[in-house]
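The next block holds one structure in the form of structure tokens; read it before the comments.
Number of protein chains: 2
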Amino acid sequence: MSFDRLDELCHRLEALEHALAILGADEATHMAVGGGEKRAEAMAGLAGMLHARATDPQIADWLEAAGEEELNEDQQAALRELRRQYTNMTCLPSEFVERQTTARMRSEQLWRDLREKNDWASFLPSLENVVALVREEASMRAERLGLDPYDALMEQYDPGNRAAGINPVFSELKTFLKDFVPEALAVQEERLAKKPLKALSGDYPIERQRELGLSMMAAVGFDLTRGSLSVSHHPFCGGVPTDVRITTRYRGTEFLSALMGVLHETGHALYEQNLPAEWSHWPLGKARGMAVHESQSLFVEKQIGRNPAFWQWALPVVEKHLGEDWLLDDILPHVHHVERGLIRVDADEVTYPLHVILRYELEQELVSGRLEAADIPDAWDAKMRDYLGLSTAGNFADGPMQDVHWPGGAFGYFPSYTLGALMAAQQWAALKREHPTADDDLSAGRFEAVNDWRRANIWSQGSRWSTPELMERATGESLSARYFIDHLRQRYGKA
Amino acid sequence: MSFDRLDELCHRLEALEHALAILGADEATHMAVGGGEKRAEAMAGLAGMLHARATDPQIADWLEAAGEEELNEDQQAALRELRRQYTNMTCLPSEFVERQTTARMRSEQLWRDLREKNDWASFLPSLENVVALVREEASMRAERLGLDPYDALMEQYDPGNRAAGINPVFSELKTFLKDFVPEALAVQEERLAKKPLKALSGDYPIERQRELGLSMMAAVGFDLTRGSLSVSHHPFCGGVPTDVRITTRYRGTEFLSALMGVLHETGHALYEQNLPAEWSHWPLGKARGMAVHESQSLFVEKQIGRNPAFWQWALPVVEKHLGEDWLLDDILPHVHHVERGLIRVDADEVTYPLHVILRYELEQELVSGRLEAADIPDAWDAKMRDYLGLSTAGNFADGPMQDVHWPGGAFGYFPSYTLGALMAAQQWAALKREHPTADDDLSAGRFEAVNDWRRANIWSQGSRWSTPELMERATGESLSARYFIDHLRQRYGKA
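First to last, the protein sequences are chains A and B.
Residue numbering for the first sequence is 34 to 528, as defined by my numbering.
Residue numbering for the second sequence is 34 to 528, as defined by my numbering.
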């Protein structure tokens with residue numbers, strides 16, 4: 034049976050993916066510093082084997098033949114996803130992939146060096162090359178997939194997401210936020226005028242912060258027998274579903290950023306740990322895509338972890354581990370702090386979407402050719418002034434040179450962050466319709482009902498549906514800006 | 034060029050070996066407990082890919098064609114080792130390998146369960162099956178390699194080692210030890226009668242023991258930028274030469290066993306870290322074999338780490354980290370403690386070889402068919418009485434069921450342990466002929482000259498020579514029992 038051949042292939046690919054996932058997590062956590070060069074060689078070698086096996090021409094025959102075979106419903110779904118993955122992986126000739134990989138690596142290395150020097154001019158030629166290649170890539174993907182070029186890029190990260198569906202949602206959100214950011218800041222000012230901020234600083238031993246993180250992880254549903262918490266320079270969630278590796282970084286004088294980081298990565302981890310185990314070797318058994326994954330991390334970090342109800346339960350837990358005597362009114366202003374800034378990764382949930390929409394708009398124009406790389410700084414500055422009232426004129430390092438995505442050739446990825454925020458709010462709203470007492474659950478430290486809903490509607494579905502289908506099935510409607518806007522209004526707006 | 038194809042293949046194999054090495058070390062140190070099943074699946078999958086690639090029939094053509102090509106000396110040496118490896122890996126039909134792997138795994142699982150129950154009768158059928166298969170294996174290997182069956186098994190672990198060469202050496206050692214063990218025990222008794230043993234017990238926090246271990250590792254030459262020290266249930270040295278993972282286990286009430294374990298594994302690690310980097314992807318660039326590897330760990334543990342001169346330097350280091358005020362005369366009786374016992378892995382350097390020789394003699398008879406598995410307990414008991422004056426009658430768990438080797442089908446491996454001890458003593462003697470002040474070096478904590486000798490004579494040679502050739506080139510003579518016997522006499526004998 035051809036399906037059996039595909040199934041066997043999937044087991045082989047899973048072994049290589051397992052190795053790459055663990056080696057990647059290990060590199061950032063436990064590898065000796067001198068081990069990097071050989072690790073990079075080994076991972077490139079394994080990735081090459083994985084790609085060669087996953088794009089083997091005879092797979093096309095198996096995919097076709099398997100379509101004629103008698104398959105149960107799961108197998109049919111597995112076959113659909115296998116087809117989708119095979120098509121996406123074989124869109125580009127390998128000669129092109131090699132050329133593009135070299136260009137991306139060179140541009141990324143250059144970017145690391147030149148960002149620190151704020152040197153846009155020296156970086157530009159390399160970025161122009163990456164942009165030229167991504168246009169070529171988009172057009173090849175578009176032709177094979179029958180999609181618009183930018184949609185064909187997004188399809189890699191969030192199957193089914195289309196600019197035509199996202200544009201009106203982002204447009205509504207942008208219009209709202211341009212007015213709402215000043216409102217939220219004014220509300221914050223007013224509150225601080227009445228009651229000054231209690232400084233977060235203190236003495237928080239790392240081992241105790243780690244224990245606090247572990248106890249929060251366990252409480253919100255992380256299975257500590259199938260995962261672990263380590264330290265790395267950049268926090269991440271990696272590993273494999275049976276051994277999810279999350280990391281954070283600690284500061285001895287402040288506990289909130291590490292803790293919120295742990296909650297964010299725990300959100301990713303819950304998705305991975307609760308994917309359908311029996312499908313784990315099939316693409317069908319994997320997380321749906323970047324936006325859905327981000328919706329799961331933001332669900333835990335923003336919908337749960339920054340919810341005042343959650344802090345009624347969490348504050349005593351913090352006190353137990355850190356011996357600190359905080360009042361809810363003292364901690365919440367930190368949890369809900371809003372600030373206009375130039376840097377996306379430092380942004381709060383109110384201003385963050387404007388950073389993303391700016392990039393989303395610019396990268397569509399870059400891919401279509403309406404904007405050239407040389408014109409990015411002016412366009413960036415104009416949008417920053419318009420959306421956030423800040424200028425990046427001459428400040429490339431904190432402007433268009435701040436992210437690795439474009440130097441690394443990842444166009445079509447940025448929208449996932451804000452789509453994730455929207456989806457998380459929409460999921461929370463849907464969940465609350467079924468469980469009107471969800472906030473009470475949080476304030477009692479009960480996460481079972483919340484997680485049961487997520488397991489049934491998101492986690493257990495793997496990659497069975499496209500991203501928009503998954504959202505519609507889970508929440509009863511297509512993606513909307515409304516729930517996120519309501520969420521921000523309620524948390525940050527005028528009473 | 035066919036050699037280039039082989040070279041490219043070696044890079045691919047190195048990537049898979051890298052993954053297996055790191056995944057293996059990770060499993061014992063950092064893996065979540067629930068990750069074991071998928072890890073085993075992934076590692077079996079990767080090992081299968083490695084085997085399939087390394088035994089690809091077209092390699093035979095490349096090996097032949099490369100022999101006609103113009104190669105430099107290193108490449109010629111690489112080709113020799115590639116041929117040797119290919120021959121050893123393709124001796125057995127894959128149908129047989131699968132049958133044997135299943136039998137070994139079943140027998141090993143059964144052994145884990147039944148050893149605890151001291152249940153030899155239930156274990157026997159499974160061991161009989163393993164023995165039958167190893168006879169089949171030995172005869173296939175023997176035919177292909179033109180060796181005696183038992184030699185063909187040893188050839189996997191220590192290329193070039195032959196029973197005909199080992200027998201007289203082991204025979205001399207056995208004769209010596211049967212008399213010397215009682216002598217060493219009498220000497221020890223006499224000393225203890227004069228000066229009672231100071232108990233080792235105390236309060237030694239694990240973090241401080243770890244720091245002590247790291248500082249000893251660094252002092253004797255371990256490169257901490259290319260390796261690390263972790264905790265695992267069974268100490269080991271794993272990982273890859275650029276990222277050597279060694280482990281130990283700690284007891285809070287006693288520091289010596291963890292420290293000696295660290296020194297032992299550091300000996301393995303120094304070999305790995307100092308293998309020729311430019312050959313790392315070739316079999317030529319790998320450690321020569323099990324006996325030579327054990328000679329490197331025993332060199333650091335026994336020749337250096339239990340040398341009284343070493344403790345003149347080491348004791349102040351211990352004191353610095355653990356704050357303990359030991360006298361040399363108090364610690365050395367622990368470092369040199371001798372005891373007759375039933376368990377090989379707990380044995381000291383005086384009694385250990387008798388455990389090995391017992392197994393070596395029995396497994397030769399098992400492979401040749403002169404002994405049947407059912408008769409092992411009686412034969413074991415007879416030899417234990419003869420060599421160590423102890424009986425294992427009815428005590429299977431501490432007798433023939435104590436080791437994993439036979440249940441796992443590893444026949445021909447046991448001699449490596451004692452060959453390593455002999456080689457270490459012979460190397461130390463050769464080194465001292467060139468550096469008569471080597472003991473002074475140890476007492477001053479200077480390891481450069483010692484390591485330079487080892488690097489030049491052992492580490493840098495990789496797999497360029499067979500095991501006996503390597504020893505002859507390094508020490509100027511073939512393997513001899515003399516140096517180890519002298520070493521034991523000097524350290525444990527009558528003054």
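By construction, the Cβ of each residue, glycine as well, lies at the ideal position given by its N, Cα and C atoms.
Computed from a predicted structure; not experimentally measured.
Problem - Cβ neighbour criterion (16 or more within 10 Å) applied to residue 322 of chain B - result: Counting from 1 along the second sequence, the entry for residue 322 of chain B is found at position 289. Per the 10 Å Cβ criterion, buried.
Problem - Within 8 Å, strictly: CB atoms of residue 387 of chain B and residue 207 of chain B - result: The count along the second sequence starts at 1 and reaches residue 387 of chain B at position 354. The count along the second sequence starts at 1 and reaches residue 207 of chain B at position 174. For residue 387 of chain B and residue 207 of chain B, yes; Cβs fall inside 8 Å.
Problem - Assigned secondary structure, residue 495 of chain A (DSSP; H/G/I helix, E/B strand, else coil) - result: For the purposes of this step, residue 495 of chain A is taken as residue 462 along the first sequence, with counting starting at 1. Three-state result, residue 495 of chain A: coil.
Exercise for the section: Flag this pair as yes or no: are the beta carbons of residue 202 of chain B and residue 440 of chain B separated by less than 8 Å? Expected result: Walking along the second sequence from the start, residue 202 of chain B turns up at place 169. Walking along the second sequence from the start, residue 440 of chain B turns up at place 407. No.
Handout entry: Coil, strand or helix - residue 281 of chain A by DSSP
Key = Taking the first residue of the first sequence as 1, we reach residue 281 of chain A at position 248. Three-state result, residue 281 of chain A: strand.
Problem - Interface residues of chain A facing residue 258 of chain B [CB-CB closer than 8 Å] - result: As a first step, residue 258 of chain B must be located in the second sequence, where it is residue number 225. Going along chain A in sequence order, the residues near residue 258 of chain B (Cβ under 8 Å) are 65, 66 and 67.
Handout entry: CB contact flag (residue 296 of chain A, residue 357 of chain A, <8 Å)
Key = Stepping through the first sequence from its first residue, residue 296 of chain A is reached at position 263. Stepping through the first sequence from its first residue, residue 357 of chain A is reached at position 324. Cβ distance not < 8 Å, so residue 296 of chain A and residue 357 of chain A don't count as in contact.
Practice task
Mind checking the region 247-275 of chain A against chain B and listing, in chain order, the residues whose C-beta falls within less than 9 Å of any C-beta there?
Solution key: 256, 257, 258, 259, 260, 261, 263, 272, 273, 274 and 275
Handout entry: From A/150, A/39, A/153 and A/324, residue whose alpha carbon lies closest to that of residue 499 of chain A
Key = To locate residue 499 of chain A, count along the first sequence from 1; it is residue 466. The shortest C-alpha separation from residue 499 of chain A is found at A/324.
Exercise for the section: Keeping to the same chain, check which residues put their C-beta closer than 8 Å to that of residue 44 of chain A; ignore five residues upstream and five downstream. Expected result: If you number the first sequence from 1, residue 44 of chain A lands on position 11. Closer than 8 Å at Cβ, skipping near neighbours: 314.
Handout entry: CB contact check: residue 87 of chain B to chain A, cutoff 8 Å
Key = On the second sequence, position 54 is the one that residue 87 of chain B refers to. Closer than 8 Å: no.
Exercise for the section: Please classify residue 287 of chain B: does DSSP put it in a helix, a strand, or coil? Expected result: Taking the first residue of the second sequence as 1, we reach residue 287 of chain B at position 254. DSSP places residue 287 of chain B in strand when its eight states are reduced to three.
Exercise for the section: Could you tell me the distance, in whole angstroms, from the CA atom of residue 143 of chain B to the CA atom of residue 131 of chain B? Expected result: In the second sequence, the residue the question calls residue 143 of chain B occupies position 110. In the second sequence, the residue the question calls residue 131 of chain B occupies position 98. Whole-angstrom Cα-Cα distance: 18 Å.
Exercise for the section: Measure the alpha-carbon distance for residue 288 of chain A versus residue 349 of chain A and round it to whole angstroms. Expected result: By one-based count along the first sequence, residue 288 of chain A stands at place 255. By one-based count along the first sequence, residue 349 of chain A stands at place 316. Residue 288 of chain A and residue 349 of chain A: Cα-Cα distance of roughly 14 Å.
Exercise for the section: On a CA-only basis, which of A/196, A/400, A/233 and A/419 is nearest residue 292 of chain A? Give me that one, please. Expected result: Here the question's residue 292 of chain A lines up with position 259 in the first sequence. Checking every option, the nearest Cα to that of residue 292 of chain A belongs to A/233.
Problem - Residue burial classification, residue 41 of chain A (beta-carbon count within 10 angstroms, cutoff 16) - result: Numbered from its first residue, the first sequence carries residue 41 of chain A at position 8. When all chains shown are included, residue 41 of chain A counts as exposed.
Practice task
Per DSSP, which residues does residue 43 of chain A bridge with? Please list them.
Solution key: Position 10 of the first sequence, counted from the first residue, corresponds to residue 43 of chain A. Answer is none; residue 43 of chain A lacks a bridge partner.
Problem - CB contact check: residue 474 of chain B to chain A, cutoff 8 Å - result: The residue given as residue 474 of chain B occupies position 441 in the second sequence. Cβ-Cβ to chain A under 8 Å: no for residue 474 of chain B.
Handout entry: Status (buried if at least 16 other CB within 10 Å, exposed otherwise) for residue 47 of chain B
Key = Translated into positions along the second sequence, residue 47 of chain B becomes position 14. The residue in question, residue 47 of chain B, is buried, as its Cβ has 16 or more Cβ neighbours within 10 Å.
Exercise for the section: Would you grab the beta carbon distance between residue 178 of chain B and residue 188 of chain B for me? Rounded to a whole angstrom, and I think it's under 8 Å. Expected result: Taking the second sequence and counting its residues from 1, one reaches residue 178 of chain B at position 145. Taking the second sequence and counting its residues from 1, one reaches residue 188 of chain B at position 155. Right, their Cβ atoms sit about 6 Å apart.
Handout entry: Three-way DSSP call (helix, strand, coil) for residue 78 of chain B in this model
Key = Residue numbering aside, residue 78 of chain B sits at position 45 when the second sequence is read from its first letter. Residue 78 of chain B: helix per DSSP, three-state reduction.
Handout entry: alpha helix (DSSP H) segments (min. 4 residues) lying fully within the region 120-196 of chain B
Key = 127-149, 153-178 and 182-190
Practice task
Name, please, each residue of chain B whose Cβ falls closer than 7 Å to the Cβ of residue 44 of chain A.
Solution key: Start at 1 with the first residue of the first sequence, and residue 44 of chain A comes out as number 11. Going along chain B in sequence order, the residues near residue 44 of chain A (Cβ under 7 Å) are 78.
Problem - Same chain, Cβ closer than 8 Å to residue 192 of chain B, neighbours up to 5 away in sequence not counted - result: As a first step, residue 192 of chain B is located in the second sequence; it is residue number 159 there, counting from the start. Result list for residue 192 of chain B: 117, 321, 322, 496, 499 and 500, in chain order.
Practice task
Can you tell me which of B/503, B/502 and B/464 puts its alpha carbon nearest to the alpha carbon of residue 485 of chain B?
Solution key: Within the second sequence, the letter at position 452 stands for residue 485 of chain B. Residue B/464 is the option with its Cα nearest to residue 485 of chain B.
Exercise for the section: Kindly list, in the order they appear in chain A, the residues whose Cβ is closer than 8 Å to that of residue 59 of chain B. Expected result: If you number the second sequence from 1, residue 59 of chain B lands on position 26. Those are 55, 59 and 63, listed as they occur along chain A.
Exercise for the section: Mark residue 281 of chain A as exposed unless 16 or more other C-beta atoms lie within 10 angstroms of its C-beta, in which case mark it buried. Expected result: For this step, residue 281 of chain A is matched to residue 248 along the first sequence. Under this definition residue 281 of chain A is a buried residue.
Practice task
Using alpha carbons as the reference points, say which of B/82, B/480 and B/266 lies closest to residue 294 of chain B.
Solution key: What you label residue 294 of chain B is simply residue 261 of the second sequence in a count that begins at 1. When each option's Cα is compared against that of residue 294 of chain B, the closest is B/266.
Practice task
Name the one or two DSSP bridge partners that residue 37 of chain B has.
Solution key: Taking the second sequence and counting its residues from 1, one reaches residue 37 of chain B at position 4. Answer by DSSP bridge pairing: none, since residue 37 of chain B is not bridged.
Exercise for the section: Could you check the C-alpha separation between residue 185 of chain A and residue 125 of chain A for me, to the nearest Å? Expected result: Numbered from its first residue, the first sequence carries residue 185 of chain A at position 152. Numbered from its first residue, the first sequence carries residue 125 of chain A at position 92. In a straight line, the C-alpha of residue 185 of chain A is about 12 Å away from that of residue 125 of chain A.
Problem - Where residue 273 of chain B falls: helix, strand or coil (DSSP) - result: Along the second sequence, one-based indexing puts residue 273 of chain B at 240. Residue 273 of chain B: strand per DSSP, three-state reduction.
Handout entry: Interface partners of residue 319 of chain B on chain A, CB under 9 Å
Key = Sequence index remark: in the second sequence, residue 319 of chain B carries index 286 (1-based). Going along chain A, no residue has its Cβ under 9 Å from residue 319 of chain B, so there is no contact; the nearest lies around 14 Å.
Practice task
Take every Cβ of the region 304-313 of chain B, pair it with every Cβ of the region 100-116 of chain A, and state whether three or more of those distances are shorter than 8 Å.
Solution key: no
Problem - Three-pair Cβ contact test at 8 Å for the region 422-432 of chain B versus the region 242-251 of chain B - result: no
Problem - residue 511 of chain B (DSSP reduced to helix, strand or coil) - result: Taking the second sequence and counting its residues from 1, one reaches residue 511 of chain B at position 478. It is coil, neither helix nor strand.
Exercise for the section: Report yes if the CB atom of residue 451 of chain B is closer than 8 Å to the CB atom of residue 389 of chain B, and no otherwise. Expected result: Here residue 451 of chain B refers to the residue found at position 418 of the second sequence. Here residue 389 of chain B refers to the residue found at position 356 of the second sequence. A contact, by the Cβ cut-off of 8 Å.
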